[in-house]
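Numbering (the numbering used here), first residue to last: 1 to 159. Here the structure is laid out as structure tokens; the discussion comes afterwards.
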Amino acid sequence: MSGKYCKNARCSVHNQGPCPTWEYCDYFLWDVDKEAGTRPAVKEQIPLESDEQCALYSWCHDNGIEMVHIPNERECSVSTGQLLAKQGVRRGFPDNFFPYARHGYHGLFIELKRRKRSLSKVSEEQMQWAATLSANGYKALICYGAAEAIIEIERYMKE
Numbered sequence: 001m002s003g004k005y006c007k008n009a010r011c012s013v014h015n016q017g018p019c020p021t022w023e024y025c026d027y028f029l030w031d032v033d034k035e036a037g038t039r040p041a042v043k044e045q046i047p048l049e050s051d052e053q054c055a056l057y058s059w060c061h062d063n064g065i066e067m068v069h070i071p072n073e074r075e076c077s078v079s080t081g082q083l084l085a086k087q088g089v090r091r092g093f094p095d096n097f098f099p100y101a102r103h104g105y106h107g108l109f110i111e112l113k114r115r116k117r118s119l120s121k122v123s124e125e126q127m128q129w130a131a132t133l134s135a136n137g138y139k140a141l142i143c144y145g146a147a148e149a150i151i152e153i154e155r156y157m158k159e
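Spelled out as structure tokens, the structure:
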């Protein structure tokens, strides 16, 4: 049987034959291309959302732009989750806030996702928060990757 085989043990189809998801699988690591009998070039790794977040913060810091990251993406125990909810943590609230009034907005919120859209799901709660914030005088965006977020921040910050 010919095809692209994966050698990554985290892959769900590892050792089960050719990988049907190799084109968009984040965990895919080339083993061999059975048709060509060679090992193809390494595929680009798509950064995790946390890596994109670090890149965005670094750029903002280097450019003197104040921002706050709101860490709602954490995983925690049920009891910790209940305590955080009692303290006001809400699902879907945007990741980043930029406290600058511009262009008739009170500030900018950005929900940052991975740059590859097929790996990034926007939840219903995230869409609702974006709508609520937009209806209340804030600019609220969903950006795919730090590069897209930087473009939007530069556009927003222009006087």
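Glycine residues also receive a C-beta, built at the ideal position from the N, C-alpha and C atoms.
Check	Outcome
Top-ranked residue by Cα proximity to R117, from G145, N136, Y57, M127	G145
Among L108, N72, E152, P99, nearest to E66 - alpha-carbon criterion	P99
Uninterrupted beta strand (DSSP E) stretches inside the region 83-120 (no shorter than 3 residues)	96-98, 108-113
As assigned by DSSP and simplified to three states, the class of I142	strand
Residue of R102, A101, W129, A85 minimising C-alpha distance to E111	W129
DSSP state of M1 mapped onto helix, strand, coil	Residue placement at M1 is poorly supported in this model, since its pLDDT is 38, which falls under 50; the coordinates still yield a value, given next. In the structure shown, M1 sits in coil (DSSP, three-state: anything other than H, G, I, E or B).
Sub-8 Å separation of R91 and E125 beta-carbons	yes
Short Cβ contact (8 Å threshold) for R114 with I46	yes
Min CB distance G81 to chain C below 8 Å	Note that chain C does not occur in the displayed structure, where there is just one protein chain.
Three-state secondary structure (DSSP) of V122	coil
Inter-residue spacing [alpha-carbon to alpha-carbon] between S160 and S77	Since the displayed the chain opens at 1 and closes at 159, residue 160 lies outside it and no answer follows.
Sequence-distant residues of its chain with Cβ nearer than 6 Å to K139 (five each side left out)	Y105, L108
Test item: CB-CB of M157 and R102 under 8 Å	yes
Through-space distance from E154 to H61, alpha-carbon basis	14 Å
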